[in-house]
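Accompanying notes for the structure given below.
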Amino acid sequence: MLSRFVLGLMAALAFAVLAIGPAMADGTPPPPSSTTASSAADLPSNIPPEKLAAARELLDAANLKSLMRSLIGSLVPAEVAAIKRQNPNVSQDALNTFTTAMSEELNGSLDQFMDIYATVYAEHFSIDELHQVTAFYKSDVGRKMIAAAPQMMLEVMPLAQRMGEQIGARVRDRVNAQLQKHGDSL
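When the letters of the sequence shown are read in order and numbered with our numbering, they come out as residues 21 to 206.
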């Protein structure tokens, strides 16, 4: 029942928080990733262990796992609210069951998310660059950013959700208007 939009939003927000950190030293963008993993089992195994360790150290310094827990804590109620809007007669028992299952599944998958993030970061950055970004997150301004990130995400989420709903409504209206010209509908 968890929407792909919400999962994508979760990943994008967590990535955005990390991406706010310092740019690569020479200013060039990283090469495109060859990672197309849909689960931790799909991750490439050709990354040197020391590079993965450096990427994991960066993620730990950025407090990503805690940030993702915070995000999950916000996303679960948002999904419950979406279910209520779609099905106003849904029982509280069903919502409680959904909340428990969704929270357990997402929180139980955090280590896999971390493996995916570590792999992607290891593919995009050299060991030296990973250490530089880690140093940023350990700096005063990096720690301030990490501390502020959960609150900033809470502030952005309802705005992004409203914007997403508005975009979705406009897309639906445009598609329906176009399809009606041909006697079709969604």
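Backbone N, C-alpha and C fix where the C-beta goes; we use that ideal spot for every residue, glycine too. No experiment lies behind these values; they were computed from the predicted model shown.
Spatially closest choice to T117 from V96, E77, T154, by CA coordinates:
Ranking V96, E77, T154 by Cα distance to T117 puts V96 first.
For A197 and K104, I'd like the C-alpha separation in whole angstroms.
28 Å
Output yes or no for whether 8 Å exceeds the beta carbon distance between Q181 and A98.
yes
From what residue to what residue does the alpha helix (DSSP H) around L91 run?
84-106
Backbone CA spacing between Y137 and V161 [nearest angstrom]
22 Å
Which of the three DSSP states, helix, strand or coil, is assigned to V191?
helix
Are the beta-carbon atoms of V153 and L72 separated by less than 8 Å?
no
Could you tell me if L206 is buried or exposed, where buried requires 16 or more neighbouring beta carbons within 10 angstroms of its beta carbon?
L206 counts as exposed, since fewer than 16 other C-beta atoms from the protein chains shown sit within 10 angstroms of its C-beta.
Using the three-state DSSP reduction, which class does V110 fall into: helix, strand or coil?
coil
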